[in-house]
Amino acid sequence: SNTNEKKHVAHVRSALSAGPMPYERGWAWQHVLLNRRLNHMRMQQRRLAQQRDGIAPDDNDVKEDAIKSMHDNDWLLLFEHEPVYTLGRGASEDHLTFLNKEPDGGAENRRRLSRKYRGVDASRLNIDRSNPTLQFTSVESEVDHLSNQSIGVTSPVYAPNGSPIYRIERGGEVTYHGPGQLVVYPLLNLKHPAYQEDLHWYLRQIEEVIIQTLAEFDITSNRDDINTGVWCGQNKIAAVGVSSSRWITTHGLAINVNPDLDHFDKDIITPCGIEERGVTSIADVLGAECPTVAEVAEVALKRFSDVFRINLASGDRIK
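If you count the sequence shown from 1, position 267 lands on 305 in the working numbering, and the numbers rise without skipping.
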């Protein structure tokens, strides 16, 4: 193909230099950017309908357009999280093996984590849509509001090691995020001609990014026919779990660089709901010469750009 063709651009925002961040904050960043984009798309549709009906846009609309078009970007968000366990939207609480050892067999916590339960004590991250009129000048101030609100509203169930557990809206079973793990959240509009409107295609692409990233550190890894994610032999080295809203992706991938693998202990969880497999990390495979999370991120971004055939532009750091 012609190398001069203008490639589609995604914008990178990284929180890695700030060190491990609460999971709620990474979740809030995704939702603020997603909701701004969905609102922008709704406005565009309304505008097109008005044009068809011969209604001229007023000045405010034109001003708004200039501001709102900034929200129509593809993003890659990079995080390292404080310890947390998350359950995908359909994940089984049975994979939280520690619940069986609780005095009530975990009944109370199972109720609070249940996929259908929406009560005030649900251990679930939700957006409070009761006050949609709140206006925020910046993405950052909206993220602050949403992450503080979700931390304030949700009283999570805690694992025996003190890590909170949340049910969230991605696909997949239970997983752990924590220090020493690179987490990447791509927010891509799969309807864009640069991509394909196909979540299976998207998952395979994400896995390919991980496989090529690991290869750069001389680690051979593979997909599995049945389970998502990337594996070294029988052990999972990277988890993949995504969600999409009107073809805009959220959630994403987590590569184990050098996390504390005790958090994946089978007495706490069945990682990704797969009993007969283990979990590994780059540090585990390489031993002494393990790269840092930032070094793995640098390679992962290059590979993301190659695999998806897009350019990446770096934006402000996330604090």
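Glycine is no exception: its CB is placed at the ideal position from the N, C-alpha and C atoms.
{"Check": "Where the beta strand (DSSP E) through Arg261 begins and ends", "Outcome": "Arg261 -> no beta strand (DSSP E), and no H or E assigned at all."}
{"Check": "contact_flag[the region 123–131, the region 152–166] where n(CB pairs < 8 Å) is 3 or more", "Outcome": "yes"}
{"Check": "First and last residue of the uninterrupted alpha helix (DSSP H) at Trp67", "Outcome": "61–90"}
{"Check": "Local Cβ density within 10 Å of Glu35, reported as buried at 16 or more and exposed below that", "Outcome": "In the structure displayed, the chain extends from 39 to 357; residue 35 sits before or after that span and is not available."}
{"Check": "Nonlocal neighbours in the same chain, by C-beta distance under 8 Å from Met79, ignoring five residues either side", "Outcome": "Asp110, Arg284"}
{"Check": "Cβ-based neighbour list, Ser39, same chain, cut-off 6 Å, excluding 5 preceding and 5 following", "Outcome": "Per-residue confidence for Ser39 stands at a pLDDT of 48, beneath the threshold of 50, marking its modelled position as unreliable; the derived number appears in the next sentence. Nothing meets the Cβ criterion."}
{"Check": "First through last residue of the beta strand (DSSP E) which encompasses Val295", "Outcome": "First-last for Val295: undefined, no H or E at that position."}
{"Check": "Expected contact under 8 Å - CB spacing of Ser152 and Glu178 to nearest Å", "Outcome": "The pair is not a contact, with the Cβ atoms about 34 Å apart (cut-off 8 Å)."}
{"Check": "Identified DSSP bridge partners for Ile206", "Outcome": "Per DSSP, none; premise fails for Ile206."}
{"Check": "Residues of its chain near Ile206, where Cβ-Cβ distance is below 6 Å and the 5 sequence neighbours each way are ignored", "Outcome": "Thr124, Leu163"}
{"Check": "Residue span of the beta strand (DSSP E) that contains Lys357, given as start and end", "Outcome": "Element bounds for Lys357: n/a, residue is neither H nor E."}
{"Check": "Cα-Cα separation between Asn73 and Ala351, rounded to whole angstroms", "Outcome": "21 Å"}
{"Check": "Straight-line Cα distance separating Leu86 from Ile275", "Outcome": "46 Å"}
{"Check": "Alpha-carbon spacing of Tyr214 relative to His133, whole angstroms", "Outcome": "12 Å"}
{"Check": "Opening and closing residue of the beta strand (DSSP E) in which Leu225 lies", "Outcome": "219–225"}
{"Check": "C-alpha gap between Ala292 and Gln83, whole angstroms", "Outcome": "35 Å"}
{"Check": "Gln219 vs Val323 beta-carbon contact at 9 Å", "Outcome": "no"}
{"Check": "Range covered by the alpha helix (DSSP H) that runs through Asn9", "Outcome": "This structure cannot settle anything about residue 9, because the visible part of the chain is limited to 39 through 357."}
{"Check": "Sufficient close CB pairs (3 or more, under 8 Å) joining the region 218–233 to the region 45–57", "Outcome": "yes"}
{"Check": "Candidates Arg51, Gly325, Gln250, Pro198, of which the one nearest Trp67 by Cα", "Outcome": "Arg51"}
{"Check": "Environment of Arg347 [buried if 16+ CB atoms lie within 10 Å]", "Outcome": "exposed"}
{"Check": "Residue range of the unbroken beta strand (DSSP E) whose run includes Lys274", "Outcome": "273–283"}
{"Check": "Supposed close pair Val364, Ala53 - CB separation, criterion 8 Å", "Outcome": "Limits of the chain in this structure are 39 at one end and 357 at the other, which puts residue 364 out of reach."}
{"Check": "Distance between Pro297 and Asp344 (C-alpha atoms, nearest Å)", "Outcome": "27 Å"}
{"Check": "Which residues DSSP lists as bridging Val317, in chain order", "Outcome": "Lys274"}
{"Check": "C-alpha distance - Ile249 paired with Leu225, whole-angstrom precision", "Outcome": "20 Å"}
{"Check": "Segment limits, alpha helix (DSSP H) that includes Phe255", "Outcome": "Run containing Phe255: none; DSSP gives neither H nor E here."}
{"Check": "Separation of Asp182 from Leu252, as counted between CA atoms", "Outcome": "34 Å"}
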